[in-house]
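Enquirer: Have a look at this one.
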């Protein structure tokens, strides 16, 4: 049973949070709790309330997939995982979205976005809402409040874990804001509830806050693989730390590859193991099949109880080709969404060569198609991918053929192995080239790729390509290209980069997105990023 998916607590938690968020107005300065004391007469209220913090990563509202529980945010352009996927993947060299009349997608995939883009508004607002929900939980679970409500020792022990998880989820949201936007309003549970406008935090302050929070809560989190499915544990905290350390030169201009290796080692020795089959990570039972041991933190999805247009619902329905109508293979309707998503040529080219013929990471459908997309609206152009599925590892179809059961693997062990290898190649201490080579070859062996690499082959260029082969469509690519110096400028151009069919240079300030206009309007302390 998936946590918060097959129980009424998930939906109840979202209902309980509506009154806290209806006037959030996109920024977190209005995250005031109006939950009555009656709500807390039942000691299970704290479990319900932390469920609401998690719920913001999966749901947009309580009245079905079209609803939004935050005033000013549209459900279709603010589902957390979906907009994260768009901003990290659609903006780069791996994916195109056919229906460019969908709000915001044209500007993101052609790299011509502005501060009014709906997807940017949605991501900034939804991440800020996540901060607000976490702050609300922390305010309502202080020692003083627990004493006032005569909470039992048993529940108090659980609240310690819940508070650590709330802080982790807040740090995760600040990590995304730092990575995507470079700045954010800084607000915690200790700030005033009224007549307060949060100050702006730049990347260095956000980095320090995220790091200190995750280090401080480590002891209170569950050990890896010891929490309920969908709840964060120590490995999730270590993963965020490894991520910020790997990208520290981008964020704060400092080399922290040694620290990245330290936390990759913690995760690698913490009990997680690779799934026996690569594709198990992307199936409808990835909470119970062998991927259960590989996925470090998922964004949960359920076709009945958490219906939403999140990343896996979009990906699986969107993978269905207009020519192939291969939806039945993927556990959705045969026509799916009629060729909504296709592969850019640059990703397809990474699977050229006989070594990739039977590589399980190569799920490209290429028959009767040309890899080149000259017209984004022509859904017959460009290869189709079948990475994600709404079928189980036993071949059973998910509980609904539109809204899928497949969790989105936000963090998984394969990424840890590749981060370790990159940090070693970049000169970090505490690791070894031999171990780095072993990790990469473990991934290749798992994928049935016959070409093992040696130390001479483990170059940065190889690692960037291998990350794309292993982690494509998992919301990493933009971040990777920026770290490798290949996102902005003209050093590396891809199809439709800069709104040109063969790609052109884009300006350096596109390494961060603009602060959305509505967020700046509601918080005058926010300044716009240079260049916008």
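Numbering (this note's numbering), first residue to last: 1 to 532. Every residue, glycine too, gets a C-beta built ideally from N, C-alpha and C. Predicted model, so just to flag it, every value in this text is computed and none were measured.
1) Give me the residue from 374, 70, 384 with the minimum Cα distance to residue 362.
2) By how many angstroms is the C-alpha of residue 444 removed from the C-alpha of residue 49?
3) According to DSSP, is residue 256 part of a helix, a strand, or is it coil?
4) Using three-state DSSP, classify residue 440 as helix, strand or coil.
5) Would you call residue 4 buried or exposed, if buried means 16 or more other Cβ atoms sit within 10 Å of its Cβ?
6) Is residue 477 closer than 7 Å to residue 55 when the C-beta atoms are compared?
7) On the criterion of 16 or more Cβ atoms from any shown chain inside 10 Å, does residue 419 qualify as buried, or is it exposed?
8) If distances are taken between C-alpha atoms only, which option among 402, 207, 458 comes closest to residue 253?
9) Would you say residue 466 lies against chain D (beta-carbon separation less than 7 Å)?
10) Select from 100, 240, 190 the residue whose C-alpha is nearest the C-alpha of residue 132.
11) Can you give the Cα-Cα distance for residue 149 and residue 226, rounded to whole angstroms?
12) Please report the distance separating the alpha-carbon of residue 138 from that of residue 437.
13) Whole angstroms is fine: what's the gap from residue 342's alpha carbon to residue 381's?
14) Give me, in chain order, the residues of the same chain whose beta-carbon lies closer than 6 Å to that of residue 429; leave out the 5 immediate sequence neighbours on both sides.
15) For a quick check, are the C-beta atoms of residue 403 and residue 303 less than 7 Å apart?
16) Using a Cβ-Cβ cut-off of 7 Å (strictly less than) and excluding sequence neighbours within five positions of residue 397, which residues of its own chain qualify?
17) If distances are taken between C-alpha atoms only, which option among 531, 515, 51 comes closest to residue 524?
18) Less than 6 Å between C-beta atoms, sequence neighbours within five positions excluded: which residues of the same chain meet that for residue 177?
19) Taking DSSP as the reference, what is the three-state secondary structure of residue 410?
20) In the DSSP assignment, find the unbroken alpha helix (DSSP H) run with residue 165 in it and report its ends.
21) So does the segment 467-476 actually touch the segment 82-96, counting three or more Cβ pairs closer than 8 Å?
22) Between 69, 439, 483, 307, which has its C-alpha nearest residue 265's C-alpha?
23) Would residue 365 pass as a contact of residue 324 if the rule is Cβ separation under 7 Å?
24) My understanding is that residue 221 touches residue 168, with C-beta atoms under 8 Å, so please give their C-beta distance in whole angstroms.
25) Output needed for residue 74: all residues of its chain with C-beta closer than 8 Å, excluding positions within five of it in sequence on either side, in chain order.
26) Please report the Cβ distance between residue 43 and residue 151, rounded to the nearest whole angstrom; I am assuming they are in contact, meaning their Cβ atoms lie under 8 Å.
27) How about the segment 450-464 and the segment 273-285: do they share at least three Cβ pairs that are nearer than 8 Å?
28) Got a sec, what are the start and stop residues for the alpha helix (DSSP H) residue 207 sits in?
29) On a CA-only basis, which of 532, 505, 491, 497 is nearest residue 513? Give me that one, please.
30) Quick one: measure Cβ to Cβ for residue 85 and residue 311, integer angstroms, because I've assumed they're closer than 8 Å.
Expert: In terms of the structure at hand:
1) For residue 362, the nearest C-alpha among the options comes from 384.
2) Computed Cα separation, rounded: 42 Å.
3) Residue 256: coil per DSSP, three-state reduction.
4) Correct three-state label for residue 440: helix.
5) The predicted model places residue 4 with a pLDDT of 45, which falls under 50 and marks its position as unreliable; any figure quoted below should be read in that light. Looking at its Cβ environment, which holds 16 or more other Cβ atoms inside 10 Å, residue 4 is buried.
6) No, the Cβ-Cβ distance between residue 55 and residue 477 is not below 7 Å.
7) That one is buried.
8) It is 207.
9) In the structure shown, chain D does not exist; there is a single protein chain.
10) Checking every option, the nearest Cα to that of residue 132 belongs to 190.
11) One C-alpha to the other measures close to 29 Å.
12) When rounded, the distance between both Cα atoms is 43 Å.
13) Cα to Cα, residue 342 sits roughly 8 Å from residue 381.
14) 258.
15) In contact: residue 403 and residue 303 (Cβ atoms closer than 7 Å).
16) Closer than 7 Å at the Cβ level, and outside the excluded window around residue 397, lie 331, 390, 391.
17) Out of 531, 515, 51, the CA that lies nearest to the CA of residue 524 is found in 515.
18) Closer than 6 Å at Cβ, skipping near neighbours: 127, 184.
19) In the three-state reduction of the DSSP assignment, residue 410 falls in the strand class.
20) Taken as a continuous stretch (DSSP letters only), the alpha helix (DSSP H) holding residue 165 covers 153-181.
21) Contact between the segment 467-476 and the segment 82-96 is present, because at least three Cβ pairs lie under 8 Å.
22) It is 439.
23) In contact: residue 365 and residue 324 (Cβ atoms closer than 7 Å).
24) The beta carbons of residue 221 and residue 168 sit about 7 Å from each other, so the pair counts as a contact at 8 Å.
25) Result list for residue 74: 68, 103, 118, 122, in chain order.
26) The Cβ separation is near 6 Å, so the contact holds.
27) Output reads no: the segment 273-285 does not touch the segment 450-464.
28) 203-217 is the span of the alpha helix (DSSP H), which, as asked, contains residue 207.
29) Nearest to residue 513 by alpha-carbon distance, out of 532, 505, 491, 497, is 532.
30) Indeed they touch by this definition, with Cβ atoms about 5 Å apart.
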